[in-house]
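Engineer: Going from the sequence shown to this note's numbering is simple: count from 1 and add 1325.
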Amino acid sequence: MTLIIAGFGENHYQAIFQCMKTAQNSSESVEELKWQLEQRNDELALINSVLTGLSRKLGINEIFELVGEKIREIFKAQVIDIVTYDRATNLIEDRYSYEKGDRTLVGPRAPKGFRKHIIDNGQPLII
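(1) When DSSP labels each residue in this structure, what does residue 1434 get in the three-state scheme?
(2) Taking contact to mean at least 3 C-beta pairs separated by less than 8 Å, is the stretch 1389-1397 in contact with the stretch 1352-1362?
(3) Is there contact here, the stretch 1367-1374 with the stretch 1394-1404, by at least three beta-carbon pairs under 8 Å?
(4) According to DSSP, simplified to helix, strand and coil, what is residue 1372?
(5) Using 9 Å as the threshold, is the C-beta distance between residue 1419 and residue 1408 below it?
Right, here's the structure in full:
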């Protein structure tokens, strides 16, 4: 069934529909770009705070603490581990750890699980 109002035909309705569809896609693109911009701003805030810490000549453990706290603050993370890997000894060690309020650091140990996979493959692991 074709509805014709005030001289509008099927072609007019198709054109209007196409314009509406384009507007919706544009709106979704704008929202995605806004989200990406917010992410970049958060990342820059983290980098700026680390640079500020470096300019204050913080020690390495204080820098790990600063980075961990900023990641937790900016990304509202409930679990964060910053771990270093020593190739010479093949050991990893917690430098910053936070899990729902627990700040227990685990000493040097052999890598296993996800950490071993990342070390063995040299690539980020996205889950």
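Just so you know, even glycine gets a beta-carbon here, dropped at the ideal spot from N, CA and C.
Keep in mind that this is a model prediction, so the values were computed, not measured.
Structural biologist: Straight from the coordinates:
(1) Translated into the one-based positions of the sequence shown, residue 1434 becomes position 109. Residue 1434 falls in the strand class under three-state DSSP.
(2) By the Cβ criterion, the stretch 1389-1397 is not in contact with the stretch 1352-1362, since fewer than three pairs of Cβ atoms, one from each stretch, lie closer than 8 Å.
(3) yes
(4) As a working mapping, residue 1372 is identified with position 47 in the sequence shown. Residue state, collapsed to three classes: helix.
(5) The residue given as residue 1419 occupies position 94 in the sequence shown. The residue given as residue 1408 occupies position 83 in the sequence shown. Contact: yes.
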